[in-house]
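Mapping to the UniProt record's numbering: the sequence shown position 139 is 139, numbers consecutive.
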Amino acid sequence: MAGPVKLRVILADNDARKLILPQGMPSSTDDLTQIITDTFQLDGDIRLQYQDDDFGGEFINLTSVTDVEDKGTLKVIFKTTGQNQEKVKESLGSCETPESIPEHSTLHRSDDSASVSSFETDDTVLLSSPDPSPGSVQSESRSTPWPLVFPIPRFSYDSEIILQQANAEYHANRTRLSPSPKLKSHILESLAEEIIKFKAYPTDVDLNAVSEALINKHPCLREQGSYNGCYGWKISLKYKMANFRTKLRSVGCSEVSINTLKNKKQDQCHAASNIKKPRRAEVNYCPQHPKGETSDSLEKERVQLLTEIRKRNNDKIIKEKMERTFSYRRQEVVQKKPMVAEFKTRWPALFNVDEINSEFMRITTVPLEFKFLAVLDQYSDSLMKIFHTKGGVNGRTIKNIMQPISQNNSIDVRRECILKALCAYLNEDHVQLFSQCADCDWLIAKEAMKQTVMGIYIVRHEGHDPVDQPVDVGVVIEGTEVLSSLRNAAVAVAMLFGLIYALNLSYPRELKSTFEVIQKVFFNLDGHRLSPKVQTLKNKMLE
Numbered sequence: 001m002a003g004p005v006k007l008r009v010i011l012a013d014n015d016a017r018k019l020i021l022p023q024g025m026p027s028s029t030d031d032l033t034q035i036i037t038d039t040f041q042l043d044g045d046i047r048l049q050y051q052d053d054d055f056g057g058e059f060i061n062l063t064s065v066t067d068v069e070d071k072g073t074l075k076v077i078f079k080t081t082g083q084n085q086e087k088v089k090e091s092l093g094s095c096e097t098p099e100s101i102p103e104h105s106t107l108h109r110s111d112d113s114a115s116v117s118s119f120e121t122d123d124t125v126l127l128s129s130p131d132p133s134p135g136s137v138q139s140e141s142r143s144t145p146w147p148l149v150f151p152i153p154r155f156s157y158d159s160e161i162i163l164q165q166a167n168a169e170y171h172a173n174r175t176r177l178s179p180s181p182k183l184k185s186h187i188l189e190s191l192a193e194e195i196i197k198f199k200a201y202p203t204d205v206d207l208n209a210v211s212e213a214l215i216n217k218h219p220c221l222r223e224q225g226s227y228n229g230c231y232g233w234k235i236s237l238k239y240k241m242a243n244f245r246t247k248l249r250s251v252g253c254s255e256v257s258i259n260t261l262k263n264k265k266q267d268q269c270h271a272a273s274n275i276k277k278p279r280r281a282e283v284n285y286c287p288q289h290p291k292g293e294t295s296d297s298l299e300k301e302r303v304q305l306l307t308e309i310r311k312r313n314n315d316k317i318i319k320e321k322m323e324r325t326f327s328y329r330r331q332e333v334v335q336k337k338p339m340v341a342e343f344k345t346r347w348p349a350l351f352n353v354d355e356i357n358s359e360f361m362r363i364t365t366v367p368l369e370f371k372f373l374a375v376l377d378q379y380s381d382s383l384m385k386i387f388h389t390k391g392g393v394n395g396r397t398i399k400n401i402m403q404p405i406s407q408n409n410s411i412d413v414r415r416e417c418i419l420k421a422l423c424a425y426l427n428e429d430h431v432q433l434f435s436q437c438a439d440c441d442w443l444i445a446k447e448a449m450k451q452t453v454m455g456i457y458i459v460r461h462e463g464h465d466p467v468d469q470p471v472d473v474g475v476v477i478e479g480t481e482v483l484s485s486l487r488n489a490a491v492a493v494a495m496l497f498g499l500i501y502a503l504n505l506s507y508p509r510e511l512k513s514t515f516e517v518i519q520k521v522f523f524n525l526d527g528h529r530l531s532p533k534v535q536t537l538k539n540k541m542l543e
């Protein structure tokens, strides 16, 4: 087998990345282009250029992989307009991992796909929306999560003149502006329209961030009687967003109309009862149907999917139909809360690795499997050091869990042991997440799985050695086997986490802290609000 190849990939001006191909150079330029597109989640068609020594290192279009050498440089050229390239630049500039992954740290993967590490930037995972395709719902769905720094929009021309003059007066004499009712109403309306691009139900933390961004851009709007200079703006925004949601509800916006009294059960007919809204940083929680589509037309698409899934080599059509029916599927999940077995019967195409990755990306705009494995590898050394210092009963349990690493330090065994030890460190039983059995006892174990609410099963040969690969790894939810034949336990955890989002499920009470670490530390989804236990672990991980 060919050795690994390292490449420097230039994505945009002042932004290059290090790409590692563990299995060596692919056999064709198309394969190499596809790897780069998938690894960096690039939008649109691209071509590659390489540095040709015959022309003094100038970039030439790549037509054969034989022209690419180890530690060579490739340049990505977008075939379409510069709009896609600008979109990539924005995505690369705003992507986040938990507290930034150090430069040049390689992110290992156990399969044949590429690993990627940062080069000249601290970014490691590109957070981007899925590639647009025919029938895509991207125009109807949000494509970016809540920003780290909220972008204050440009107000009307006359309002900007007033604020510009007031800001100059504030800097000169520290004189604050008392906005007129008309100006204040316009500012609040504009902010509400900007907020709705990211969330229909912003939290207090979100509204506080918007208020602080407002007075930072326009310091003349600081409130003298407020403890932080913007508390009054925050309260006004809170009421404005409530009024704005009422307007959206009247025009049939699904994200808010789902909470109308007519859509609630009889025992929950109260305005503030059982509000359905994002609670785990979902970006597209309950999106609108694509333009020109209705529930009836999308139901026909769903029925057609049942036929298409039986055909061979039909992945492209299935992917397009799953993309088109995303809003219909989400509304069914959020509003009807179907049982998993019933939902799997209606949407069998969802229950495979590729579609779970795509669904998670549609919901959160964050890559699932790639980012999970990348961050797990990045923090594996610090987690092992933390586990080593644990004492008492949990410390002894962790020591037993980590024992296989001393006999087989492969990446799959290492990841599995760290995830099991993470449960024990958080004072949770890893057996509640990982159920292991011998292949000879599989039929008995399969019957026992019917009582499993949520978990992962691992089947091994009887008397197996640590170096032996599992016979089978799968995921069970509500007693239903939803996935099987997964590569390893770490991938199974990623798929289970993705299904929790795709099916809008709650975390198991006995594994609540473990999933909180995965969500808020590994994926940095709603990562600013941590429980004391998880916050302590995160502090130790970053020491």
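We put the beta carbon where it would ideally sit given N, CA and C, even for glycine.
Residue Q469 holds the alpha-carbon nearest to the alpha-carbon of N408 among F434, A438, Q451, Q469. Of the candidates S236, G225, H289, the residue whose Cα lies closest to the Cα of C253 is H289.
Three or more beta-carbon pairs separated by less than 8 Å link the region 411–421 to the region 367–386, which places the two stretches in contact.
With respect to the 8 Å criterion, V473 and I456 are classified as neighbours on the basis of their beta carbons. When the five nearest sequence neighbours on each side are left out, the beta carbons in the same chain lying within less than 6 Å of the beta carbon of K277 are those of Y201, in order along the chain.
A check of alpha carbon separations from A494 across A242, I20, E193, E416 identifies E416 as the nearest. Closest in alpha carbon position to F198, among G225, T144, I161, N259, is T144.
Under DSSP, N61 takes part in a beta bridge, and its partners are Q49. For E299, the closest alpha carbon among the candidates W347, V340, V256, A424 is that of W347. L483 is classed as buried because its beta carbon has at least 16 other beta carbons within 10 Å across all chains shown. R8 has K18, T73 as its beta-bridge partners, per DSSP.
Look at D526 here: in three-state DSSP terms it is coil, with no helix or strand label.
If the five residues before and after A349 are omitted, its C-beta is found closer than 7 Å to the C-beta atoms of L305, I309, I318, M322, E355, all from its own chain and listed in chain order. Per the coordinates, the alpha-carbon of L503 lies some 25 Å from the alpha-carbon of R245. Separation of I418 and D204 (C-alpha to C-alpha, rounded to the nearest whole angstrom) is 35 Å. Contact between the region 422–430 and the region 447–462 is absent: fewer than 3 CB-CB pairs across the two stretches fall below 8 Å. Assigned with DSSP and collapsed to three states, Q335 falls in helix. Looking at the DSSP output, R460 bridges to A438. Annotated as distal: L188 and K238, with beta-carbon spacing of 8 Å or more. Distance check between F515 and each of Q535, R142, C423 places C423 closest, using alpha-carbon atoms only.
With 16 or more other CB atoms across the displayed protein chains lying within 10 angstroms of its CB, Q519 is buried.
Taking 8 Å as the cut-off, the Cβ atoms of T397 and E282 do not count as close. By the CB criterion at 8 Å, S513 and S531 fall inside the cutoff. Counted as a single uninterrupted DSSP element, the beta strand (DSSP E) harbouring D472 occupies residues 472–477. Separation of the CB atoms of V393 and L525 is rounded to 32 Å, and the pair is thereby denied contact status at 8 Å. With distances taken between CA atoms, M339 lies nearest to T480 out of I152, T480, P404.
Annotation for V482: the continuous beta strand (DSSP E) segment containing it runs 480–483.
Classified as buried, I477 has 16 or more neighbouring CB atoms from the shown chains inside 10 Å of its CB. Counting only residues of its own chain and dropping the five nearest sequence neighbours on each side, I152 has a CB closer than 7 Å to the CB of A213, L214, K217. DSSP, read as helix, strand or coil, puts G455 in strand.
Relative to the Cα of F434, the nearest Cα in the group K316, V475, D465 belongs to V475. Residues of the same chain with a CB within less than 7 Å of the CB of A166, apart from the 5 flanking positions on each side, are L177, C220 in chain order. Burial is judged here by how many other beta carbons sit within 10 angstroms of a residue's own beta carbon; D43 has at least 16 and is buried. Of all alpha-carbon atoms in G24, F387, T33, the one lying nearest the alpha-carbon of V76 is that of T33. The straight-line gap separating the alpha-carbon atoms of T29 and N61 is approximately 11 Å.
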